[in-house]
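What follows is a set of notes on a single structure, which appears directly below.
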Amino acid sequence: MVVALPDAFGDRGLAFAGAYVAIHVGRQLFLVLALRGQELQRRSIRVLGWFAVSAVPWIAGALAPVPARVVLWTLAVAVDVTGGVLRFPTPRLGRSPESEYPIVAEHLSERYRQLFIIALGELILVGTLTLSGSGFAADRTAAFVVSFVATVLFWRIYLHRAGELLPAAIAAARRPDPLARLAAAAHLVMLAGIVATAVGDELVIAHPLGHTPRAWAAVILGGPALFLAGRAAFEYAVFARVSRDRPIGILVLFALAPPVLLAPPLAAVVAATAVLLGVAVADTVRAHRGPPEPPSPPG
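If you read the sequence shown in this note's numbering, its first letter stands for residue 292, the second for the next number, and so on.
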């Protein structure tokens with residue numbers, strides 16, 4: 292599946308979709324047979340039924356031209372995600388009880404952190420590849436340095452303090468499931484912001500001077516704004532409150548949109564990074580004003 296992924300919307304669509312379906316359907320089919328006579332077999336039957344349904348648009352999309360493939364694969368992803376969110380409701384068997392999905396706080400937090408590290412690694416990789424392919428001119432090198440500083444700030448803002456305390460927050464929550472879902476959604480938004488930032492960094496490093504198109508400004512400023520929005524939701528999941536510097540940072544990024552259209556792309560990315568620096572500094576100042584705040588999840 293990994294080998295076919297780069298050309299999934301090309302000639303290797305069937306290989307990608309076939310491998311995806313084989314992994315999920317095959318795994319659940321094995322569990323249904325291995326857990327015969329046990330209560331957990333019912334869960335595997337539910338999951339197998341949902342993946343069997345989503346297999347139809349996965350395979351059909353692989354055999355269809357690209358426009359139809361996008362629609363069918365979007366439907367397949369929607370089926371897979373909906374099944375998990377609803378705990379795989381199935382005729383006669385009902386849905387899986389929450390007790391069948393115990394949350395291991397340390398494991399969940401570590402998985403989220405690994406995904407975040409991968410996204411930051413992609414951000415650095417995009418910058419280095421773009422710089423090496425465009426040439427080490429002074430303006431391009433400056434754009435790369437700024438993008439690297441932004442990457443460090445992303446990590447600092449993420450980790451301080453909610454990123455450290457998520458396991459304790461999940462353990463302290465009266466209902467861990469909603470908290471885990473909120474944390475997952477928050478990470479999805481943060482990762483989307485980093486991906487958008489990577490797009491902006493690639494554009495700026497390749498073309499640091501000249502006019503800043505609106506689409507470029509959208510990803511240069513929108514990426515950090517998305518990250519801060521996700522980080523605010525993450526903070527709420529851990530502390531049941533949101534620091535003022537998160538929404539203030541988002542508002543400042545939106546306010547920067549008109550002036551950066553009149554400035555070169557390098558100035559736009561410097562402005563966005565300055566906002567992230569301001570948020571990181573505000574976090575540090577707040578942390579030194581009192582004792583460490585314990586996690587207090589909502590609900």
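Even glycine gets a Cβ: it sits at the ideal position worked out from N, Cα and C. Since this is a predicted model, take the numbers as computed values, not measurements.
Phe-545 sits exposed, since fewer than 16 C-beta atoms from the chains shown fall within 10 Å of its C-beta. For the pair Ala-578 and Val-529, the CB atoms are not nearer than the 8 Å cut-off. Judged by DSSP secondary structure, His-398 falls within the alpha helix (DSSP H) whose first and last residues are 396–425. With a cut-off of 8 Å on Cβ pairs, the region 370–381 is not in contact with the region 443–451, counting fewer than three such pairs. Taking the CA atoms as reference points, Leu-320 sits about 20 Å from Phe-307. For the region 301–367, not one full-length beta strand (DSSP E) segment reaches 3 residues or more.
Val-480 places its beta carbon less than 8 Å from that of Ala-524. Exposure of Ser-390 is indicated by the presence of fewer than 16 other C-beta atoms within 10 angstroms of its C-beta. In the structure shown, Thr-503 adopts coil according to DSSP, grouped into three states. Per DSSP, the continuous alpha helix (DSSP H) segment holding Met-481 begins and ends at 467–497. Sequence-distant Cβ neighbours of Pro-549 in its own chain, meaning closer than 7 Å and more than five residues away, do not exist here. If you draw a straight line from the Cα of Gly-484 to the Cα of Gly-328, it is about 46 Å long. Setting aside the 5 residues that flank it on each side, Leu-557 is surrounded in the same chain by Asp-430, Ala-433, Ala-434, Val-437, Val-495, Pro-499 and Leu-500, each with a C-beta closer than 8 Å to its C-beta; the list follows chain order. Restricting attention to Gly-540, Ile-408, Gly-514 and Ala-563, the CA atom closest to the CA of Val-551 is found in Ala-563. In the pairwise beta carbon analysis, the region 349–366 is classified as touching the region 297–314: at least three pairs are separated by under 8 Å. Spatial neighbours of Ile-394 in its own chain (CB-CB distance under 8 Å, excluding positions within 5 residues in sequence) are listed in chain order as Ile-461, Pro-467, Asp-468 and Ala-471. DSSP, reduced to helix, strand and coil, places Gly-581 outside both helices and strands of the structure shown, so it counts as coil. Counting along the chain, the unbroken alpha helix (DSSP H) around Ala-433 starts and ends at 429–449. Of Ser-423, Val-440 and Ala-396, the smallest CA-CA separation from Val-561 is found for Val-440.
Going by DSSP, Arg-535 is part of no alpha helix (DSSP H) at all; its letter is neither H nor E.
In the DSSP assignment, Thr-381 forms a beta bridge with Gly-385. In this structure, Phe-445 places its C-beta atom within 8 Å of the C-beta atom of Phe-518. Secondary structure of Tyr-527 (DSSP, three-state): helix.
The beta-carbon separation of Thr-381 and Gly-317, rounded to 19 Å, does not stay under the 8 Å limit for a contact.
Here Val-294 carries a coil assignment [DSSP, helix/strand/coil].
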